[in-house]
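Chains A and B, in that order, are what the protein sequence lines are. Note that the numbering used here gives residue 544 to position 528 of the first sequence, counting from 1, and the numbers run on in steps of one. Note that the numbering used here gives residue 25 to position 34 of the second sequence, counting from 1, and the numbers run on in steps of one. Worksheet: one structure, shown below.
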Amino acid sequence: MSGRITSTDVLVIGGGLAGERCAIEAAAAGHDVLILSLVPPRRSHSCAAQGGMQAALGNCVKAEGDSPEVHYLDTVRGSDWGADQEVARIFAEAAPIAVRELAHFGVPWTRVKGGSNSYFIKGERVNIDEALENDGLIMHRDFGGTAKWRACYAGAGTGHSALYAIDSEVVRLGVTVRDRAEAVELIHEGGRCHGVVARCLRTGDHSAILAKATVIATGGHGRIYGQYTTNATINEGTGAALALNTGVVPLGNMEAVQFHPTALSPSGILVTEGCRGDGGYLLDKELNRFMVEAEPEKQELASRDVVSRHMARRMRDGHGVETEHGPHLWLDVRHLGDEHLKTKLREVWEICRDFVGLDPAKDLIPVRPTQHYSMGGVRVNKEGEAYNMAGLFAVGEASCWDMHGFNRLGGNSLAETIVSGRLVGRHIAKTIGAGGVDVDTRVANEAVKKAEERAARLLAAEGSGPGAYEIRDAMAEVMIGRVGIFRTGEELALAVNELKELLVKCDNIVLRSKVPGMNPELTFALRIKNMVRLSLITAMGALARTESRGAHFRSDHPLRDDAKWLNRTLARWPESSDAPEISYEPVGVLDLPPGHRGYGRDERIEMEQTIEDYNQGVEQAQSEQGKLPTEGWQ
Amino acid sequence: MSEANGNRRLKFEIFRYNPQDPDSTPHMQDFEINELPYMSLFMALNEIREKQDPSLQFDFACRSAICGSCGMMVNGRPNLGCRTQTSDLPDVIRLHPLPVFKLVGDLSVDTGIWFREMAEKTEAWIHAEKAFDPDAQEDRMDDELAQSIYDSDRCIECGCCVASCGVANVKGDFAGPAGLNRMARFAMDPRDTRDDSDWYEVISNENGVFGCIGMMACHDICPKELPLLEVYAYLRRKAVASALTN
């Protein structure tokens, strides 16, 4: 099939919220846009986001005094000072606009009901009079790590409603969607990206899609933890791998991996933070509310990294409910009542009924911390431009933009998708050149041929080599066992060795199925080496980082170390090298000086440099790492 | 969900056909696996693919009944594979792809293209009168109305209703239950400025609500339990009201 070439102005890889929000911005400006997606866009994992989207509208009593400034401060504290503060501020300021725009696109946001409302706050039922003049504005619910109620929501199907609204705009604008298609390789030459080689997941055929701007919006890569993730089966890091395999584009902070406190045990299906936001408790096997003592101020609503660690400790200390699948704790939402559960938390009620056969109005929900979010991803500047590669962009979870640092706050990723999609789409639309795609078709044909040969080689391999699923299972056990919530140098060193061995095995895979067409085994085998590479980078970054920051916790280095580690890890994988190269850059210009987050441990190693000195070195250090100037990528 | 059995030997009879393979012909293939506690069809099918036949095609993504990828016929009845527990099924489990949709291979069907076409035909988006004003506060909406829109917006476009629909199975242009639900979702939304005569065109033809012959299998099988009976009643009333104003 080499020789088949399509051209477009803007190619968006991934049909989730970030990709589609970016696509409609460029399409509305008159550019030709093509979305490539593994699944029909409405099946993207954005649809599984439940509880809410953070935006400081300040519409209800418990949100009074909220502002983008307060949201920004919460976000930086949540990140454990790992975030780029300039980006966090851009984000917080744009979030209210992006959320209101979603109302314009049709999201049925839950609204403020003026008059007396009954809430559960820190274990007490409280009646609060919402102002009548705010009746009908977008309502907020409480979430972890925030000073105010800020999460805007539509029941417990916020991601679903947002995705359907944005996809409706994609349909309205007539944006072309090629679903069941996977980008398997970037087409690039001399530091300029020209599109991708795509593999059709209906037929298995390869073709080239050339574009002036290529946007990676493929979401996270939680499936490197195998089944120990809340992520969908499609979250296999295909986008991060595209960037990595260029050899020059770095991935940022891959060791920053979020574990969500409340995934169903043992299936790993997400149960929203909105349960705790609306007043739910965490209980141990003795039915003690252990978070009250552990975090007297925030209780169940400390940040996710902090709550997950308390839970893991609690289970380690013998207070978990033991099962054949390992221990779990309980989430108790019984006191919220049947009506609340069947409206504001309806999706939770359904999940409990369908997947564990229980009624959350009467029964406790078995939960345990589970891999949930990839703070790391394709390193981009504030306009979404990838380091070292003109014409390549990344948005949403696939990117390391980097507003989340080492821990993202609940509801901030859903908001990031539409804020970054909107902003980066606008940047592309404004700066994209008027001419056609400027690339020699030979380069495209060669890239297609290379991808075809790779698939053909895998299909042709005979003998007794390892299977792709077997490598996946081994990778998952290494990741959950040694690169999980609590990490040590010893375990991480073992993980690095084991992953390197698995990487070698990837080159000897033998397929058992040789059927033509998309061949599901081949499709997965083509991804597994990339997944092991992402795992190895995660483990190596974690091994090198001898401190604890946000979700990255080293039991052998339990303090945050702002003297040595107030930086961002960057990992590149040079072509024909058997290991990645790791380097570091400053997190960005500091506005809020490093300090206590307000939850978790209040002890750290202080900066030795002054803030001024630190800030002065940022620009040059980041340029040296390949950060592109903000204008002029064409 | 009944108590998990967990000790049965399950027999799966699965429809097989790979249109990309000239040697493939449609047929049923048998597999056997040991049942596990709380085993869903997501777990069972992955086990069959990974341990017995790696060529088996099916679709799952979220595996939590939210994304709508895994609609399939389970012993003759459409359902989401991920939320179907084997403990609720007899020892023999027969799986077919959803009808109506184009077959990709085995249990995998092309729902994405069908739903995109439906969205285009019914113009399933907010027809806004004014442009978005980034400086303005959001327009107000009564929470109860927001809740009603949300109830309808919850459709995950899995296609189970379409597969169960006697009309959609024989009449390609029929909007189908999910299509009718989309119409209702936008018709009740005050942000959509389409008026009665606009809606009359969409709702009231033979491919709209009057194409429905009222067997209501859709209402019984919808995995999200959308109140489709009420949705059609709403659309019929809306159609009559539009006809009277016209």
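By construction, the Cβ of each residue, glycine as well, lies at the ideal position given by its N, Cα and C atoms.
Interface flag, residue i vs chain A, CB-CB below 7 Å
i	result
B/Met132	yes
B/Trp190	no
B/Ile39	no
B/Asp97	no
B/Trp105	no
B/Phe22	no
B/Cys244	This structure leaves residue 244 of chain B out entirely; chain B is present only between -8 and 237.
B/Gln11	yes
B/Cys61	no
B/Phe6	no
B/Pro17	no
B/Pro88	no
B/Cys58	yes
B/Ser46	yes
B/Cys53	yes
B/Ala110	yes
B/Glu120	no
CB contact below 7 Å: residue i versus chain B
i	result
A/Ile21	no
A/Glu117	yes
A/Gly31	no
A/Ser654	Outside the shown range of chain A, which is 17 to 650, sits residue 654 of chain A, and nothing can be said about it.
A/Asp195	yes
A/Met17	Because the pLDDT at A/Met17 is just 40, under 50, the model does not fix this residue reliably, and the value given afterwards should be weighed accordingly. For A/Met17, the answer is no, since every Cβ of chain B falls outside 7 Å of its Cβ.
A/Lys446	no
A/Gly427	no
For residue i, the first and last residue of its enclosing beta strand (DSSP E)
i	result
A/Tyr600	Glu597 to Pro602
A/Ala279	Val273 to Leu280
A/His210	Arg208 to Cys216
A/Ile232	His222 to Ile232
A/Ala431	From DSSP, A/Ala431 is part of no beta strand (DSSP E) but of the alpha helix (DSSP H) over Asn428 to Thr447.
Enclosing alpha helix (DSSP H) for residue i [first to last residue]
i	result
B/Ser155	Cys151 to Ser155
A/Val364	Arg362 to Val372
A/Phe306	Phe306 to Ala310
A/Leu538	Pro536 to Ala560
B/Pro168	Gly167 to Ala178
A/Leu515	Gly505 to Cys522
Environment of residue i [buried if 16+ CB atoms lie within 10 Å]
i	result
A/Pro277	buried
B/Pro88	buried
B/Ala234	exposed
A/Met391	buried
A/Lys643	buried
A/Pro574	exposed
A/Asn247	buried
A/Arg59	buried
B/Gln239	Because chain B spans -8 through 237 in this model, residue 239 of chain B falls outside it and cannot be assessed.
A/Gly336	buried
B/Arg54	buried
A/Gln636	exposed
Inter-residue CB distance, residue i and residue j (contact presumed, cutoff 8 Å)
i	j	result
A/Pro266	A/Tyr88	A/Pro266 to A/Tyr88, Cβ: 26 Å. No contact.
A/Leu372	A/Leu286	It is Val, not Leu, that sits at residue 372 of chain A in the sequence shown. Actually they do not touch by this definition, with Cβ atoms about 13 Å apart.
A/Gly481	A/Val526	4 Å
B/Asp133	A/Pro124	Wrong, their Cβ atoms sit about 11 Å apart, outside the cutoff.
A/Asp348	A/Leu299	5 Å
A/Met155	A/Val128	5 Å
A/Phe569	A/Arg330	15 Å between Cβ atoms; not a contact.
A/Ile161	A/Gly94	The displayed chain sequence assigns Gly, not Ile, to residue 161 of chain A. That pair is a contact at about 5 Å.
B/Asn66	B/Arg85	5 Å
A/Ile487	A/Leu518	6 Å
A/Gly421	A/Gly98	3 Å
A/Val435	A/Ala110	5 Å
A/Asp370	B/Ala56	6 Å
A/Gly67	A/Thr288	4 Å
* Starting from the N-terminal side, write out each stretch of the beta strand (DSSP E) that is 3 residues or longer and does not extend beyond the region 136 to 193 of chain A. => 140 to 146
* Could you pull out every unbroken alpha helix (DSSP H) segment of at least 4 residues lying fully inside the region 8 to 90 of chain B, listed in chain order? => 32 to 42
* Unbroken beta strand (DSSP E) runs of length 3 or more, entirely within the region 339 to 364 of chain A: which are they? -> 345 to 348
* Which full runs of the alpha helix (DSSP H) of 4+ residues lie inside the region 60 to 142 of chain A, going along the chain? -> 84 to 94 and 101 to 121
* **Entirely enclosed alpha helix (DSSP H) segments - the region 189 to 220 of chain B, minimum 4 residues** => 208 to 212
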